[in-house]
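Colleague:
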Amino acid sequence: MREWVLSGDDLEGLIDSISAEWDLYAPQRKGRLFEFRRLRDFEDLCIEYPLTMIPPSSLFAPGSEVLYHFDPDRPAEIESVDPARPIALFGVHPCDLAGIAILDELHLSPPIDRCYANRRSGSFLVAVECAAPCVEESLCADKETYRARRTFDLLLIPSSGDRWFLRSGSEAGDDVARSCRFLRPATYEDRCRGDEESAARNARFKARFGLDAPTLSARVEASWDDLLWSAQSRLCLSCGACNAVCPTCHCYAVDDVLPVKRGESGERRRRRTGCQLADFAVVAGVENFRGEKAFRLRHRIFKKEVYLVERLGRSGCVGCGRCGHFCPAGIRLVEIFRQISGEEKVDA
Amino acid sequence: MAGILKPKIGVFSFTGCEGCQLQVLNLENELLDLLERVEIVNFREALTGGTNDYAVALVEGSISTASDERELKEIRRNARLLIAIGACAHTTGLNGMRNGESAKLAWSRVYPDRAFDANVAEEVRPLCEVVDVDFTVPGCPIDRDELLRVLTVILAGGTPRPSTTPVCDECRRAGNECLLDDGRICFGALAPSGCRAVCTSYGESCAACRGHLPGAPVSELMALLEEKGIDREEIILRLGRFGSRERAVAALLEELFPGGRNAQEAAS
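Chains U and X, in that order, are what the protein sequence lines are.
Take any residue in the first sequence, count from 1 to its spot, add 18: that is its number in my numbering.
Take any residue in the second sequence, count from 1 to its spot, add 2: that is its number in my numbering.
#1: Considering only C-alpha positions, which residue in the set U/206, U/247, U/200, U/47 is nearest to residue 357 of chain U?
#2: Return the residue from the list U/92, U/105, U/305, U/138 that minimises the CA-CA distance to residue 121 of chain U.
#3: If we call anything under 8 Å between Cβ atoms a contact, is residue 90 of chain U one with residue 158 of chain X?
#4: By the three-class DSSP mapping on this structure, what secondary structure does residue 246 of chain U have?
#5: Quick one: does residue 368 of chain U have its CB under 8 Å from some CB of chain X?
#6: What does the alpha-carbon distance come out to for the pair residue 7 of chain X and residue 208 of chain X?
#7: Just to make sure I have the definition right: I need the residues of chain X whose C-beta is within less than 7 Å of the C-beta of residue 297 of chain U. Which are they?
#8: Whole angstroms are fine: how far does the CA of residue 259 of chain U sit from the CA of residue 237 of chain X?
#9: Quick check: is the beta carbon of residue 53 of chain X nearer than 8 Å to any beta carbon in chain U?
#10: For residue 40 of chain U, count the other beta carbons within 10 Å of its own beta carbon; 16 or more makes it buried, fewer makes it exposed. Which is it?
#11: Within the continuous alpha helix (DSSP H) that includes residue 87 of chain U, where are the two ends?
#12: Could you list which residues in chain X have their beta carbon closer than 7 Å to that of residue 72 of chain U, in chain order?
#13: Are there 16 or more other CB atoms within 10 angstroms of the CB of residue 4 of chain X, so buried, or fewer, so exposed?
#14: Does residue 209 of chain X get closer than 8 Å to chain U when you measure Cβ to Cβ?
#15: Can you look up residue 235 of chain U in the DSSP assignment and give me helix, strand or coil?
#16: How is residue 202 of chain X classed by DSSP in three states: helix, strand or coil?
#17: Just checking my contact of residue 105 of chain X with residue 68 of chain X at CB under 8 Å: how many whole Å lie between their CB atoms?
#18: When you compare each of X/230, X/78, X/94 to residue 245 of chain X by their alpha carbons, which one comes out closest?
#19: Quick check: the region 340-352 of chain U against the region 33-47 of chain X, are at least 3 beta-carbon pairs closer than 8 Å?
#20: Alpha carbon to alpha carbon, how far is residue 284 of chain U from residue 86 of chain U? Give it in angstroms, no decimals.
#21: From which residue to which residue does the beta strand (DSSP E) around residue 109 of chain X run?
#22: What does the Cβ neighbour count give for residue 57 of chain U, buried or exposed, with the cut at 16 atoms within 10 Å?
#23: Whole beta strand (DSSP E) runs in the region 24-107 of chain X with 3 or more residues, listed along the chain?
#24: Output yes or no for whether 8 Å exceeds the beta carbon distance between residue 105 of chain U and residue 43 of chain U.
#25: With H, G and I counted as helix, E and B as strand and the rest as coil, what does DSSP make of residue 144 of chain X?
#26: Residues in its own chain within less than 8 Å of residue 135 of chain U by CB, not counting five upstream and five downstream?
#27: With a Cβ-Cβ cutoff of 8 Å, do residue 166 of chain U and residue 234 of chain U count as a contact?
#28: Interface residues of chain X around residue 278 of chain U at Cβ under 7 Å?
#29: Name, please, each residue of chain X whose Cβ falls closer than 8 Å to the Cβ of residue 347 of chain U.
#30: Quick one: is residue 336 of chain U near chain X, going by C-beta distance under 8 Å?
#31: Have a look at the DSSP bridge pairing and note the partners of residue 306 of chain U.
#32: Is there at least one Cβ from chain U nearer than 8 Å to residue 219 of chain X's Cβ?
#33: Can residue 83 of chain U and residue 70 of chain U be called in contact, C-beta distance under 8 Å?
#34: Which residue's Cα is closest to the Cα of residue 288 of chain U: U/306, U/222, U/268?
#35: Would residue 48 of chain X pass as an interface residue toward chain U - the criterion being a Cβ-Cβ separation below 8 Å?
#36: Would you give the residue range spanned by the beta strand (DSSP E) that residue 271 of chain U belongs to?
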């Protein structure tokens, strides 16, 4: 494992080296929120941010995108979209990294999602480890997603005295690190101190429920007929915020946009949608097989904790806490898990 | 283009601010391309004269007089497709606020010195309560791109589909904070998307000018807002601005003004 030490002042140099090759997106303020957007000025970087509302994975799977162009007179002939310019995400939290890993698994194995692959391949991920859970709704300790273990090219680990450890996770990460002359290889003493700091940080991430994925999955599955789904969804507005902010939600609808000008091409567009929207399960124009809020809420939790566990062997929820944090009706995953598991291990 | 038949379009206006007609004219980048494919034969804001020979009628405004009703029925007879454009045509929009009190009383408020005009109907109605409407482009005003989407689909021989997802979906994906979290009254959850959440993106609450989705969560939103301590009457009055024709809202207005606003007036 290659590890270096850099000072806070050198972050700008690191960003410059990455920006030479990639379009770099980093967490910045947007009103009272934070969002990943192109970093134009180093001063705008907020590396110590709580969480962004829209997850960074949306840079690979945007809310709306063109799948291909077509000629309305010859709709069978399609023209694919140009490859995207490679992007770098700087400052991705471990939970969001886990979210990207899940989307990778879903979209980069056959049948490959060409648009996702187009954006994701050649991208560069710089993760940053968190000092503590960022919001009340965080479940990263339960989901064991508070440490970055893979998927990153470079990992920044905060250290005392305005210093960072930088760890490489790929050849591309090695190349960038090699081009940064200001990096100093970590010594044995550095590593010892890093381990101590890491242990102190880990202690701040306490699992609330202490249920492993198979146990939680089994308990969720047993809750199918439970009244908790109606009770918890009482105030649900079906606004779809939980879907829009989820780093692993990946459902979409497809629309055609026809040209106004004769002879121009049309666009087949993909629009992300979500299972909490009232119309999501409408089939054949009229039949809605999840017409009630309770069925929809139950489906969302089953998708993450049962169906994706069956498919991926691990939970589809990375515990980022966004769905609860940004729900206008106050529907909290923590509360649902509390009811399903019967108890909470430690106080929130 | 020779040899290609261009459908004839008429643009008509009833009670409203005519802003939706202006939105058609505001299609500055697309208007010339559109005119290669259609012929506009009736358009009060843009043409003098007119004809009854048109295949498609774009109609804005509410039906608020007896002559409005006669004219709309004639348009329906002439046109193969009738498209309602804008909130006034779709749901009566703001015009519907005068419903619930007598036309004479409303008249006397606005024109205290003029005799009542018997042409004024007792109730303001949306187009669909007077004639069959084939498609609707909702909103106050209409979104130009949405109008183009409807027209291009019709020109391709297809059937435009109304949006079935709420404004909230577009709003959140645009990266906006939820206004409900700040204790503001916002109706994004009730209204169909398609406006690019333009109001909320600029910090203005959604007024549900695009009407309500089928099964819109009115009771959930009322309960949530009331739990936040917002006055029930204030919420109902706001819902009534654009939503007086929605059954759920009409019931709430009846709760607020039993027997209509006249009854209140008579009692006070």
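Think of the CB as a built atom: it goes at the ideal place given N, C-alpha and C, for glycine as much as any other residue.
For clarity, every value in this text was computed on a predicted model and none was experimentally measured.
Modeller: Based on what the coordinates show:
#1: Looking up residue 357 of chain U in the first sequence gives position 339. Residue 357 of chain U has its Cα closest to that of U/247, out of U/206, U/247, U/200, U/47.
#2: In the first sequence, counting from the first residue as 1, residue 121 of chain U sits at position 103. Ranked by Cα distance from residue 121 of chain U, the options U/92, U/105, U/305, U/138 are led by U/138.
#3: Numbered from 1 along the first sequence, position 72 holds the residue referred to as residue 90 of chain U. Numbered from 1 along the second sequence, position 156 holds the residue referred to as residue 158 of chain X. Contact flag set, yes.
#4: As a position in the first sequence, residue 246 of chain U is number 228, starting the count at 1. Correct three-state label for residue 246 of chain U: helix.
#5: Lying before the first or after the last residue shown, residue 368 of chain U is absent from chain U, which here runs from 19 to 366.
#6: One-based indexing of the second sequence puts residue 7 of chain X at position 5. One-based indexing of the second sequence puts residue 208 of chain X at position 206. Each residue's Cα considered, the two are about 41 Å apart.
#7: Counting from one through the first sequence, the residue named residue 297 of chain U turns up at place 279. What residue 297 of chain U touches in chain X: 166, 167.
#8: If you number the second sequence from 1, residue 237 of chain X lands on position 235. If you number the first sequence from 1, residue 259 of chain U lands on position 241. The alpha-carbon separation between residue 237 of chain X and residue 259 of chain U amounts to approximately 22 Å.
#9: By one-based count along the second sequence, residue 53 of chain X stands at place 51. No, residue 53 of chain X does not count as interfacial toward chain U.
#10: As a position in the first sequence, residue 40 of chain U is number 22, starting the count at 1. Residue 40 of chain U counts as buried, since no fewer than 16 other beta carbons sit within 10 angstroms of its beta carbon.
#11: Position 69 of the first sequence, counted from the first residue, corresponds to residue 87 of chain U. From DSSP, residue 87 of chain U is part of no alpha helix (DSSP H) but of the beta strand (DSSP E) over 82-89.
#12: Indexing the first sequence from 1 puts residue 72 of chain U at position 54. Ordered by position in chain X, the residues that pass the 7 Å Cβ test against residue 72 of chain U are 177.
#13: On the second sequence, position 2 is the one that residue 4 of chain X refers to. Annotation note: pLDDT 49 at residue 4 of chain X (below 50); position unreliable, coordinate value reported separately. Exposed is the call here.
#14: Locating residue 209 of chain X in the second sequence gives position 207, where the first residue counts as 1. Cβ-Cβ to chain U under 8 Å: no for residue 209 of chain X.
#15: Counting from 1 along the first sequence, the entry for residue 235 of chain U is found at position 217. Residue 235 of chain U falls in the helix class under three-state DSSP.
#16: One-based indexing of the second sequence puts residue 202 of chain X at position 200. Residue 202 of chain X: helix per DSSP, three-state reduction.
#17: By one-based count along the second sequence, residue 105 of chain X stands at place 103. By one-based count along the second sequence, residue 68 of chain X stands at place 66. Not quite, the Cβ-Cβ distance comes to about 11 Å (not below 8 Å), so this is no contact.
#18: Counted from its first residue, the second sequence places residue 245 of chain X at position 243. Here the closest residue by C-alpha is X/94.
#19: no
#20: For the purposes of this step, residue 86 of chain U is taken as residue 68 along the first sequence, with counting starting at 1. For the purposes of this step, residue 284 of chain U is taken as residue 266 along the first sequence, with counting starting at 1. Taking the straight line from one Cα to the other gives about 9 Å.
#21: Along the second sequence, one-based indexing puts residue 109 of chain X at 107. First-last for residue 109 of chain X: 105-112, but that is the alpha helix (DSSP H), not the beta strand (DSSP E).
#22: Position 39 of the first sequence, counted from the first residue, corresponds to residue 57 of chain U. By the neighbour-count rule (16 or more Cβ atoms within 10 Å), residue 57 of chain U is buried.
#23: 41-45, 58-62, 65-67, 83-87
#24: Locating residue 105 of chain U in the first sequence gives position 87, where the first residue counts as 1. Locating residue 43 of chain U in the first sequence gives position 25, where the first residue counts as 1. Their beta carbons are under 8 Å apart, which means residue 105 of chain U touches residue 43 of chain U by this criterion.
#25: Position 142 of the second sequence, counting from 1, holds the residue named residue 144 of chain X. Correct three-state label for residue 144 of chain X: strand.
#26: Within the first sequence, numbered from 1, the residue matching residue 135 of chain U stands at position 117. Result list for residue 135 of chain U: 125, 126, in chain order.
#27: Here residue 166 of chain U refers to the residue found at position 148 of the first sequence. Here residue 234 of chain U refers to the residue found at position 216 of the first sequence. No, Cβ-Cβ distance for residue 166 of chain U and residue 234 of chain U is not below 8 Å.
#28: Within the first sequence, numbered from 1, the residue matching residue 278 of chain U stands at position 260. Neighbours of residue 278 of chain U on chain X, chain order: 32, 35, 36, 150, 154.
#29: The residue labelled residue 347 of chain U in the question sits at position 329 within the first sequence. Within chain X, the residues near residue 347 of chain U are 222, 226.
#30: Working through the first sequence from its first residue, we reach residue 336 of chain U at position 318. With 8 Å as the cut-off, residue 336 of chain U does not count as an interface residue toward chain X.
#31: Translated into positions along the first sequence, residue 306 of chain U becomes position 288. Answer by DSSP bridge pairing, in chain order: U/300.
#32: Working through the second sequence from its first residue, we reach residue 219 of chain X at position 217. Chain U contact via Cβ: present.
#33: Translated into positions along the first sequence, residue 83 of chain U becomes position 65. Translated into positions along the first sequence, residue 70 of chain U becomes position 52. Not in contact: residue 83 of chain U and residue 70 of chain U (Cβ atoms no closer than 8 Å).
#34: Your numbering for residue 288 of chain U matches position 270 in the first sequence. The option with the nearest alpha carbon to residue 288 of chain U is U/268.
#35: By 1-based counting over the second sequence, the position of residue 48 of chain X is 46. Chain U, which has no Cβ nearer than 8 Å to the Cβ of residue 48 of chain X, makes this no.
#36: Position 253 of the first sequence holds residue 271 of chain U. Looking at the DSSP string, the run of the beta strand (DSSP E) that includes residue 271 of chain U is 270-275.
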